[in-house]
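One structure is given below, encoded as structure tokens.
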Amino acid sequence: MNSKKIFAVVISSLMILLLTACAALKPKPVPTLPVQIPPQTGVQYHYVANSLLIPTTKEQAQAYALNLDGDLQQNPDNLVGDLLTLLVSTAQGIEIQSSVDQTVNAGQLVILHEVKADDPLNDPSVSWLISVGQKTESPPSFNGSDKFTLDSNAPVNSPIIGSLSNGHFTGGPGTARVQMFLLGQKVDVDLIGVRLEADVSATGCTNGKLGGGMAVAEFRAKILPAITDGLNLIINANTSATTSILKVFDADQNGVITIQEVEKNPVLIIAFSPDLDLLDVSNTFNPGQDGVKDSYSIGLGFTCVPANFTGTVTIP
Numbered sequence: 000m001n002s003k004k005i006f007a008v009v010i011s012s013l014m015i016l017l018l019t020a021c022a023a024l025k026p027k028p029v030p031t032l033p034v035q036i037p038p039q040t041g042v043q044y045h046y047v048a049n050s051l052l053i054p055t056t057k058e059q060a061q062a063y064a065l066n067l068d069g070d071l072q073q074n075p076d077n078l079v080g081d082l083l084t085l086l087v088s089t090a091q092g093i094e095i096q097s098s099v100d101q102t103v104n105a106g107q108l109v110i111l112h113e114v115k116a117d118d119p120l121n122d123p124s125v126s127w128l129i130s131v132g133q134k135t136e137s138p139p140s141f142n143g144s145d146k147f148t149l150d151s152n153a154p155v156n157s158p159i160i161g162s163l164s165n166g167h168f169t170g171g172p173g174t175a176r177v178q179m180f181l182l183g184q185k186v187d188v189d190l191i192g193v194r195l196e197a198d199v200s201a202t203g204c205t206n207g208k209l210g211g212g213m214a215v216a217e218f219r220a221k222i223l224p225a226i227t228d229g230l231n232l233i234i235n236a237n238t239s240a241t242t243s244i245l246k247v248f249d250a251d252q253n254g255v256i257t258i259q260e261v262e263k264n265p266v267l268i269i270a271f272s273p274d275l276d277l278l279d280v281s282n283t284f285n286p287g288q289d290g291v292k293d294s295y296s297i298g299l300g301f302t303c304v305p306a307n308f309t310g311t312v313t314i315p
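Residue 5 in numbering that gives the first Met the number 0 sits at position 6 of the sequence shown, and the numbers go up by one each step.
This is the structure in structure tokens:
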């Protein structure tokens, strides 16, 4: 997020926080996006994510960011990445990525990717489907021999439609439910305006970036509680970070962190106002039309390796 945006958010943050809190109480219809037509032919390539990368530094937040609202300045968007960066820098000892790595390596977070293309290097019409897999009984080897099963209880995502150029996939916008872990808390978030980029080959994918917008209600119902619960989990475990967390966030000094204490923290407050205008007045994906910031941007990194998986997916 550039300095001009940060300055604007700081000046108006208190007023916007009140407005977004009220807006979150009003139910909205599910956002709609233009229909994306998947390719009718192609070879299916199956992969599993062997890493899910959560931004916790300014460099990572920038590296995993994508231009989600299509602004002419091509500014990359990753407000949640900025928030997590501020969180880690504010209280010493907070660790996010290691717990995600442990969960992925243990087979407790299984993210499956299916790429459909006629030509694995250059193809103007390619689909990329992200699905949740069942947890494995033993840790995966991630050497191409692993067999996974699609989670039939998980929501079915629509494929992200894009193209391949010299092995680089660029796709979107689309929608997707993404599963991740924050401070030991599993979080399933529904994203709109999803964009995806990755270098892909028969041996896997590298430099993967997945970004999307999160509605205000989604952010407040899932991200904020996950951060708060994660901080309290660290406090209860009495780790080396406990003292710094209590000092930074426990305003009433009762030993328990609340959502209100997190969102009113003077350092984090600059990242608690939505940064994207993705929806118009009819709740249709139509970026920049009504001037109302209605979504929080998030950008993650990932890599993947070849995999085998069973189960069927009925594309909605």
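Every residue, glycine too, gets a C-beta built ideally from N, C-alpha and C. Keep in mind the model is a prediction, meaning the values are calculated, not measured.
Residue i to residue j span [Cα, whole Å]
| i | j | result |
| --- | --- | --- |
| residue 157 | residue 293 | 22 Å |
| residue 228 | residue 184 | 7 Å |
| residue 190 | residue 91 | 30 Å |
| residue 266 | residue 219 | 18 Å |
| residue 301 | residue 252 | 38 Å |
| residue 106 | residue 54 | 21 Å |
| residue 305 | residue 199 | 11 Å |
| residue 329 | residue 270 | Past the edges of the chain, shown from 0 to 315, lies residue 329, and the structure says nothing about it. |
| residue 303 | residue 177 | 15 Å |
| residue 276 | residue 268 | 19 Å |
| residue 285 | residue 66 | 14 Å |
| residue 258 | residue 223 | 7 Å |
| residue 125 | residue 234 | 46 Å |
Range of the contiguous beta strand (DSSP E) that encloses residue i
| i | result |
| --- | --- |
| residue 116 | 109-116 |
| residue 302 | 294-305 |
| residue 212 | 203-214 |
| residue 178 | 167-181 |
| residue 52 | 42-52 |
Closest residue to residue i among the options (Cα-Cα distance)
| i | options | result |
| --- | --- | --- |
| residue 162 | 179, 150, 152 and 195 | 195 |
| residue 130 | 143, 87, 144 and 174 | 174 |
| residue 231 | 218, 246, 199 and 220 | 246 |
| residue 137 | 150, 104 and 113 | 104 |
| residue 113 | 208, 187 and 48 | 48 |
| residue 187 | 56, 88, 70 and 108 | 108 |
| residue 221 | 202, 289, 67 and 181 | 181 |
| residue 135 | 261, 154, 126 and 111 | 111 |
| residue 308 | 68, 86 and 149 | 149 |
| residue 72 | 291, 310 and 287 | 287 |
| residue 45 | 88, 36 and 127 | 127 |
| residue 179 | 259, 225 and 88 | 225 |
DSSP state of residue i mapped onto helix, strand, coil
| i | result |
| --- | --- |
| residue 142 | coil |
| residue 243 | helix |
| residue 123 | strand |
| residue 289 | coil |
| residue 21 | For residue 21, the predicted structure reports a pLDDT of 37, less than 50, and the residue's modelled location is therefore unreliable. The matter cannot be settled from this model. |
| residue 281 | coil |
| residue 161 | strand |
| residue 26 | Per-residue confidence for residue 26 stands at a pLDDT of 45, beneath the threshold of 50, marking its modelled position as unreliable; no derived number is given. |
| residue 308 | strand |
| residue 71 | coil |
| residue 269 | helix |
Boundaries (first-last residue) of the alpha helix (DSSP H) holding residue i
| i | result |
| --- | --- |
| residue 57 | 57-62 |
| residue 185 | Not the alpha helix (DSSP H): residue 185 falls in the beta strand (DSSP E), residues 184-200. |
| residue 65 | Where residue 65 is concerned, there is no enclosing alpha helix (DSSP H), given that its DSSP letter is neither H nor E. |
| residue 231 | 223-236 |
| residue 80 | 78-89 |
| residue 104 | 96-104 |
| residue 261 | 258-262 |
Taking 8 Å as the threshold, find out whether the segment 92-103 comes into contact with the segment 162-177 through three or more Cβ pairs. The segment 92-103 is not in contact with the segment 162-177.
Decide yes or no for the touch test of the segment 139-149 against the segment 76-83: beta carbon pairs closer than 8 Å, at least 3 of them. no
Report yes or no: do three or more beta-carbon pairs, one from the segment 101-120 and one from the segment 41-61, lie closer than 8 Å? These segments touch.
At a cut of 8 Å, does the segment 56-66 reach the segment 279-298 through at least three beta carbon pairs? yes
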